[in-house]
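Peer 1: The opening residue of the sequence shown carries number 4 in our numbering; numbering runs sequentially from there. Backbone N, C-alpha and C define an ideal beta-carbon position, used for all residues, glycine too. To start, I am sharing the structure in question, which I have written as C-alpha cells.
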Amino acid sequence: MAVLEVLAGAVLLAVLLYYWATATFSHWSRRGVPHLPPDPLFGNIKDIVLFRDLHVYGYQKLYHRFDGLPYAGLYQMRTPSLMLRDPETIKQFLVKDFAHFHDRGIFCDVERDPMSATLVNLSGRRWRNLRTKLTPSFSAVKLKSMVPLLNECADGLVALVGAGRPHEEHQVEMREIMAKFTTDVIGSCAFGLHFNTLKDPDSQFREMGRRVFLPTYARTAIHLLRVFFPGLLGVLRLRTVSKEITDFFISLVRDVIGYRERNGESRNDFMQLLMQLRQQERTDKDDKEDAVVLDDRLLTAQVFIFFVAGFETSSSTMSFCAYELAVNEDVQEAARQEVDAILAELDGQPITYEHVAKMTYIEKVLLETMRKYPPVPGLVRVCTKPYTLPGTKIHMKVGDQVFIPTFAIQRDPNIFPEPDRFDPERFSEDGRKSWHPFAYLPFGEGPRICIGLRFAMVEMKLGLARLLQHYKFLPAPGLPVPMRFDPKAFVLTAEGGINVRVLPRSAHGV
C-alpha cells in the first residue's frame, strides 16, 4: 500500500508540474497570434536556456521564423511575450503608447538586493521622478565641462595602447584596455576620483567591473530568471549583485560623501547631484507609495548603475569598433583623415567639445559598430495598464510582456542589406533614408532611452580620435573574422578577447 501511495503521489506531482510548466501555453492561440509550438517549461527558448545557442543567435532564428509579419507570439519559458518585428509597431509601443508600457518588469528588491534598485530597473512614477532629477547631469553644458577630463583620461589610453613601445609594432588586447579607459572616465567625470585603472593593473575599480560582467553560465541563468521569473529571485533569495560588490560600492559612496561633507567640497558631477537630491526628504510628497526617497541604498544603487553601464557599454562598443577598423582598412583610413583634419584646425591645442561635434565620420563608424554589436541586444517592456494593439483584436493585460530583438532587427537583411558588412555610410544623410529610425535601437528609444547616450558618444568619439591620431590598427594573427562571441556572457563579449596589431604612426609614416 505504501508503495502505491508513493507512486500515486509521484504521478500527481508529475501531473501538477506538467500543468504548471504548460499552463500558459494557450495564451497566443486564444488571441490568434502566430506562434511556434512551445516545449514544456522552456517554451520557445530551450536552446538558449540550455546554452546550445548564444542568446542573440537563438532569438535571431526565432525572429526569422516569422519573416513578413509585424509581430509574433513567443513563450520565454512560461512567460508569453509578444515579439515585435516591425519598426512602426515598435514605435507604437515605445513612444506613442508608452503610457501602457513604461516598465521593464525587472526584479528589484531594495532590502535584499540593494544594487537592483537602479534607474534602469525602477518602475512607474518612482522611475519617472528619479529620471527627471538625474537628467540635468547630462546636459550639453555639463558634457562640455567634462571634455578636459576626457582628454586627460585619453592621454592614459594612448600611453597604454603604446605598451611602452612608441616606435615598434606590437600586439594588444583591446577589450581590457577600453574597459580601463572607460572606468577611469567614470571615476573622473562622475565621482571626481582618480581610479588610476589605466596605470594600475591591480586597480580595485577595474576588478569590481570585471567581476560584474565575468562571463559564467550561472550569471546568465540569473539574468534569465530576473527577466522571466522575477518573483522567483525573491523566493530563492538570490542576489543579482554579490554582497562583496554591494559592500564595495556602499563603502565607496560613504567615503566620497563623507570627504566632501567634512571638507566642504562641491564638484559639478554626478555624485554631487545625488548628494543634493539626498538632502530632500522626498521628491514626491503627494504619493507616498511612488515617491522616491533617495536614501543611502537608493543613492548607492544609482552610483553602481552609472559605474557599470558607463564603463561596460562604451568599452564594449569601442573595442568592437577597434576590431572593425582593423579588418576594414578603408574605413580606418577615412576616419583617420577626419581626425587629422580636425587636429590641424586645433594646431596643437586639446580637442574641444565643439571639435568632437565635428567628427561626423567617426560618429558614423561608432553608430555602425552599435548596429552590428548592440550594447543591449534585446529590449523588454511590460504592460502597465490594459491595452489593445490598434487595428487588431490583440488585448494585453497588466503584466503581459513585450520583447524587441534588437540584435536580430539590426542584422535583418530586409532592413540593412548585407548586414554583416561594416558600412558607416548607412548612417549618412542619404543612407538613413533607406531604413526606419526604429529599426536601430542600441540605446533603446522613447522616454526610457539611455540617459547617458550623449555622454557615451562624446567619450567614445574623443577616445577613438586620440587613438587614430597616434596609431594604425591591423588584425593580429588568429583574429577571427567574423567575430565570435563568448557563449557564457549575457552581454555581447568577444570570445578570447579582441587582439589587434598596433602600428605607431610616428615611427612608420602612416
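I need the boundaries of the beta strand (DSSP E) containing Lys388, first residue and last residue.
Peer 2: As a first step, residue 388 is located in the sequence shown; it is residue number 385 there, counting from the start. That residue, Lys388, is in no beta strand (DSSP E); it is neither H nor E in DSSP.
Peer 1: Output needed for Trp31: all residues of its chain with C-beta closer than 7 Å, excluding positions within five of it in sequence on either side, in chain order.
Peer 2: The count along the sequence shown starts at 1 and reaches residue 31 at position 28. Around Trp31: His38, Gly76, Pro83.
Peer 1: Using 9 Å as the threshold, is the C-beta distance between Val494 and Pro378 below it?
Peer 2: If you number the sequence shown from 1, residue 494 lands on position 491. If you number the sequence shown from 1, residue 378 lands on position 375. Result yes, Cβ atoms of Val494 and Pro378 sit closer than 9 Å.
Peer 1: Could you pull out every residue in the same chain whose Cβ sits closer than 7 Å to the Cβ of Ala479, ignoring the five residues on either side in sequence?
Peer 2: Reading the sequence shown from its first residue, position 476 is the one you call residue 479. Same-chain partners within the cutoff: Gln174, Asn502, Val503, Arg504.
Peer 1: Please report the straight-line C-alpha distance between Val359 and Ala120, rounded to a whole angstrom.
Peer 2: Numbered from 1 along the sequence shown, position 356 holds the residue referred to as residue 359. Numbered from 1 along the sequence shown, position 117 holds the residue referred to as residue 120. Roughly 34 Å between the two C-alpha positions.
Peer 1: Would you decide whether Tyr21 is buried or exposed? Buried here means 16 or more other CB atoms lie within 10 Å of its CB.
Peer 2: The sequence position of residue 21 within the sequence shown is 18, counting from 1. It counts as exposed.
Peer 1: Output yes or no for whether 9 Å exceeds the beta carbon distance between Pro515 and Thr25.
Peer 2: Within the shown structure, residues of the chain are numbered from 4 to 513, placing residue 515 beyond reach of any answer.
Peer 1: Per DSSP, what kind of secondary structure is Ser142 in: helix, strand or coil?
Peer 2: Position 139 of the sequence shown, counting from 1, holds the residue named residue 142. Coil.
Peer 1: Using alpha carbons as the reference points, say which of Lys136, Trp23, His103, His105 lies closest to Arg81.
Peer 2: As a position in the sequence shown, residue 81 is number 78, starting the count at 1. Taking only the C-alpha atoms, the option nearest Arg81 is Trp23.
Peer 1: Which residue spans inside the segment 305-356 form an unbroken alpha helix (DSSP H) run of at least 4?
Peer 2: 332-349
Peer 1: Among the residues of its own chain, which have a CB less than 7 Å from the CB of Gln352, if the five just before and after it don't count?
Peer 2: Mapped onto the sequence shown, residue 352 falls at position 349. Excluding sequence neighbours, Gln352 sits near nothing in its chain.
Peer 1: Does the segment 200-218 come within contact of the segment 172-189, defined as at least 3 CB pairs closer than 8 Å?
Peer 2: Contact annotation: the segment 200-218 touches the segment 172-189, with at least three C-beta pairs closer than 8 Å.
Peer 1: Go ahead and label Pro90 buried or exposed: buried means 16 or more other beta carbons lie within 10 angstroms of its beta carbon, across all protein chains shown.
Peer 2: Walking along the sequence shown from the start, residue 90 turns up at place 87. By the 10 Å Cβ count, Pro90 comes out buried.
Peer 1: Nearest CA to the CA of Val59: which residue from Thr223, Pro117, Ser318?
Peer 2: Numbered from 1 along the sequence shown, position 56 holds the residue referred to as residue 59. Ranking Thr223, Pro117, Ser318 by Cα distance to Val59 puts Thr223 first.
Peer 1: With a 10 Å radius around its C-beta and 16 neighbouring C-beta atoms as the bar for buried, classify Tyr262 as buried or exposed.
Peer 2: The residue you call residue 262 lines up with position 259 of the sequence shown. With fewer than 16 other Cβ atoms within 10 Å, it is exposed.
Peer 1: DSSP three-state call for Pro478: helix, strand or coil?
Peer 2: In the sequence shown, the residue the question calls residue 478 occupies position 475. Looking at Pro478 - three-state DSSP - the assignment turns out to be strand.
Peer 1: List the DSSP bridge partners of Leu506.
Peer 2: As a position in the sequence shown, residue 506 is number 503, starting the count at 1. DSSP output for Leu506 lists Lys475 as bridge partner(s).
Peer 1: If you count every other CB in all the chains shown that lies within 10 Å of the CB of Glu284, and 16 or more means buried, which is it?
Peer 2: Residue mapping note: residue 284 aligns to position 281 of the sequence shown, counting from 1. Bear in mind that a pLDDT of 49 at Glu284, under 50, signals an unreliable position, so the model cannot answer this.
Peer 1: What does a CB cutoff of less than 6 Å around Asp289 pick up in its chain, not counting 5 residues either side in sequence?
Peer 2: Sequence index remark: in the sequence shown, residue 289 carries index 286 (1-based). Here the model assigns Asp289 a pLDDT of 49, short of 50, so the residue's position is not dependable, and the following value carries that caveat. Closer than 6 Å at the Cβ level, and outside the excluded window around Asp289, lies no residue.
Peer 1: Is the beta carbon of Arg487 sitting closer than 9 Å to the one on Phe101?
Peer 2: Position 484 of the sequence shown holds residue 487. Position 98 of the sequence shown holds residue 101. Going by C-beta atoms, Arg487 is not nearer than 9 Å to Phe101.
Peer 1: What did DSSP end up calling Pro83 once you bin it into helix, strand or coil?
Peer 2: Against the sequence shown, residue 83 aligns to sequence position 80. Looking at Pro83 - three-state DSSP - the assignment turns out to be strand.
Peer 1: Quick check on Arg257: buried or exposed, where buried means 16 or more other Cβ atoms within 10 Å of its Cβ?
Peer 2: Working through the sequence shown from its first residue, we reach residue 257 at position 254. That one is exposed.
Peer 1: To the nearest angstrom, report how far apart Phe96 and Leu125 are at their CA atoms.
Peer 2: Taking the sequence shown and counting its residues from 1, one reaches residue 96 at position 93. Taking the sequence shown and counting its residues from 1, one reaches residue 125 at position 122. A direct Cα-to-Cα measurement between Phe96 and Leu125 gives close to 19 Å.
Peer 1: From Leu153 to Pro440, what does the alpha carbon distance come to, in whole angstroms?
Peer 2: By 1-based counting over the sequence shown, the position of residue 153 is 150. By 1-based counting over the sequence shown, the position of residue 440 is 437. Their backbone Cα atoms lie some 30 Å apart in a straight line.
Peer 1: Is it true that the CB of Lys64 sits closer than 9 Å to the CB of Asp56?
Peer 2: As a working note, residue 56 is residue 53 in the sequence shown. As a working note, residue 64 is residue 61 in the sequence shown. In contact: Asp56 and Lys64 (Cβ atoms closer than 9 Å).
Peer 1: At which residues does the alpha helix (DSSP H) containing Glu247 begin and terminate?
Peer 2: Here residue 247 is taken as the residue at index 244 of the sequence shown, counted from 1. Here the alpha helix (DSSP H) through Glu247 covers 246-266.
Peer 1: Taking 6 Å as the limit between beta carbons, can you name the residues of its chain near Asp106, skipping five residues before and five after?
Peer 2: Sequence index remark: in the sequence shown, residue 106 carries index 103 (1-based). Taken in chain order, the residues that qualify are Ser126, Val385, Thr387.
Peer 1: Please report how far the alpha carbon of Lys246 lies from the alpha carbon of Leu15, in whole angstroms.
Peer 2: Taking the first residue of the sequence shown as 1, we reach residue 246 at position 243. Taking the first residue of the sequence shown as 1, we reach residue 15 at position 12. Approximately 39 Å between the Cα atoms of the pair.
Peer 1: Is the beta carbon of Ser319 sitting closer than 9 Å to the one on Met460?
Peer 2: Sequence index remark: in the sequence shown, residue 319 carries index 316 (1-based). Sequence index remark: in the sequence shown, residue 460 carries index 457 (1-based). Taking 9 Å as the cut-off, the Cβ atoms of Ser319 and Met460 do not count as close.
Peer 1: For Asn47, count neighbouring Cβ atoms within 10 angstroms of its own Cβ and tell me buried if that reaches 16, exposed if not.
Peer 2: Within the sequence shown, residue 47 is the residue found at index 44, counting from 1. So Asn47 ends up on the buried side.
Peer 1: Taking all protein chains shown into account, decide if Val151 is buried (16 or more other Cβ within 10 angstroms of its Cβ) or exposed.
Peer 2: Taking the first residue of the sequence shown as 1, we reach residue 151 at position 148. Correcting the residue type first, residue 151 is Pro in the shown sequence and not Val. The residue is exposed, with fewer than 16 neighbouring Cβ atoms inside 10 Å.
Peer 1: Are the beta-carbon atoms of Met177 and Ala325 separated by less than 9 Å?
Peer 2: Position 174 of the sequence shown, counted from the start, is the residue given in the question as residue 177. Position 322 of the sequence shown, counted from the start, is the residue given in the question as residue 325. Their beta carbons are under 9 Å apart, which means Met177 touches Ala325 by this criterion.
Peer 1: In the DSSP assignment, find the alpha helix (DSSP H) that holds Glu210 and state where it starts and stops.
Peer 2: For the purposes of this step, residue 210 is identified with residue 207 of the sequence shown, where counting begins at 1. That run of the alpha helix (DSSP H) goes 207-215.
Peer 1: Is there contact between the segment 395-415 and the segment 335-351, where contact requires at least three CB pairs shorter than 8 Å?
Peer 2: no
Peer 1: Which of helix, strand or coil does DSSP assign to His170?
Peer 2: Position 167 of the sequence shown, counted from the first residue, corresponds to residue 170. Coil at His170, not helix or strand.
Peer 1: For Leu466, count the other beta carbons within 10 Å of its own beta carbon; 16 or more makes it buried, fewer makes it exposed. Which is it?
Peer 2: Here the question's residue 466 lines up with position 463 in the sequence shown. Here residue 466 is Gly; the residue named in the question, Leu, does not match the sequence. Classification of Gly466: buried, given that the 10 Å Cβ count is 16 or more.
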